[in-house]
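Okay, structure first, notes after.
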Amino acid sequence: VPSAATEGAPTTASMMRILQATAAAAPFTATPAPVITGKAVIGQRLLATTARWTPAATTSAYAWLVDGVPVSGQTSTAYTVRAADAGSVITVAVTGSRSGYDATTQTSEPTATVPTPVVAPFTAAPTPTIAGSPQVGFTLTARAGTWTPWPTFTYAWTRDGVLIGGQTGVTYRVTEQDRGAALAVTVTGTKTGYATTSRTSDAMTVPGATPTPTPTPTPTAAPT
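Numbering-wise, the UniProt record's numbering puts 115 at position 115 of the sequence shown, and it's gapless, one number per residue.
In structure tokens form, the structure reads like this:
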């Protein structure tokens with residue numbers, strides 16, 4: 001029968017658990033915040049560096065944030081600035097962990113605001129032309145003309161103003177479906193730093209089907 005003096009007193013095992021719990025709550029004595037290096041410009045790579053913690057963290061987890069919101073999947077020490085980041089600031093948070101210490105998170109100072117890229121117009125973006133004869137079975141070729149500066153081109157052929165499915169090449173073969181219709185091509189130029197621009201050619205009309213001649217009836221001689 002336990003005595004009144006020992007009844008309710010902590011056991012050695014419970015004391016050990018209390019001591020372990022107390023030890024687990026120990027804070028790091030030095031937790032410098034990470035520092036971002038690199039220019040916060042679209043397409044540029046930023047790097048996070050962290051000075052040594054005391055005691056040293058055994059694991060360090062990173063998270064990149066745009067205007068304070070974590071970016072999904074961006075958990076390494078590097079981050080490439082996206083077009084969507086324009087007008088925002090970027091930070092990085094590091095969480096250090098070590099057995100016997102509280103996990104601690106420190107966040108870097110924000111970068112400068114990511115600038116919105118300046119988009120300039122093309123200085124020359126001529127109307128395209130179509131080379132070839134608009135006859136069934138013939139091939140038409142889009143001529144983009146001379147753009148300044150020179151962009152990457154995409155093409156879209158239309159029939160009576162409606163896109164022709166799958167016809168996005170520089171050439172187009174005229175089909176039976178085109179008889180009597182007007183064909184045109186839209187050329188779109190794209191280049192980094194310039195406004196995406198589209199130009200549409202004049203239309204070419206495909207001749208309709210040649211009508212079958214109606215035979216002239218032979219007059220019947222009147223009986224005499």
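Glycine is no exception: its CB is placed at the ideal position from the N, C-alpha and C atoms.
{"Item": "Residues bridged to Thr152 by DSSP?", "Value": "Thr190"}
{"Item": "Checking the sheet assignment: what are the DSSP bridge partners for Ile90?", "Value": "Val66"}
{"Item": "If you draw a straight line from the alpha carbon of Ile42 to that of Tyr194, how long is it in whole angstroms?", "Value": "15 Å"}
{"Item": "May I ask which residues mark the beginning and end of the beta strand (DSSP E) holding Thr216?", "Value": "Note, Thr216: premise wrong, no beta strand (DSSP E); not H, not E."}
{"Item": "If I measure Cβ to Cβ from Lys191 and keep anything under 7 Å in the same chain, skipping five residues before and after, which residues do I get?", "Value": "Pro149, Pro151 and Thr152"}
{"Item": "Evaluate Gly73 with the Cβ neighbour count: other Cβ atoms within 10 Å of its Cβ, from every protein chain shown; 16 or more gives buried, anything less gives exposed.", "Value": "exposed"}
{"Item": "Taking the straight line between their C-alpha atoms, what separation do you get for Gly100 and Pro115?", "Value": "44 Å"}
{"Item": "Excluding the 5 residues preceding and the 5 following Ala144 in the sequence, name in chain order all residues of the same chain whose CB lies nearer than 7 Å to its CB.", "Value": "Pro128, Phe153 and Val187"}
{"Item": "Looking only at its own chain, which residues have a Cβ that is under 6 Å from the Cβ of Val170, when we skip the five neighbours before and after it?", "Value": "Ala142 and Tyr155"}
{"Item": "Name the DSSP bridge partner or partners of Gly96?", "Value": "Ser60 and Thr104"}
{"Item": "In angstroms, rounded to a whole number, what distance separates the CA positions of Ser88 and Trp53?", "Value": "29 Å"}
{"Item": "Restricting to Cα atoms, I'd like to know which of Tyr79, Thr95 and Ala48 is closest to Pro27.", "Value": "Thr95"}
{"Item": "Apply the 10 Å Cβ neighbour rule to Val118 and answer buried if 16 or more other Cβ atoms are within range, or exposed otherwise.", "Value": "exposed"}
{"Item": "Suppose contacts are defined by Cβ-Cβ distances below 9 Å. Is Ala125 in contact with Thr197 by that definition?", "Value": "yes"}
{"Item": "Assuming Tyr62 and Thr75 are in contact, meaning their beta carbons sit under 8 Å apart, how far apart are those beta carbons, in whole angstroms?", "Value": "6 Å"}
{"Item": "So Ala93 and Thr107 are supposed to be a Cβ contact under 8 Å. How far apart are they, rounded?", "Value": "4 Å"}
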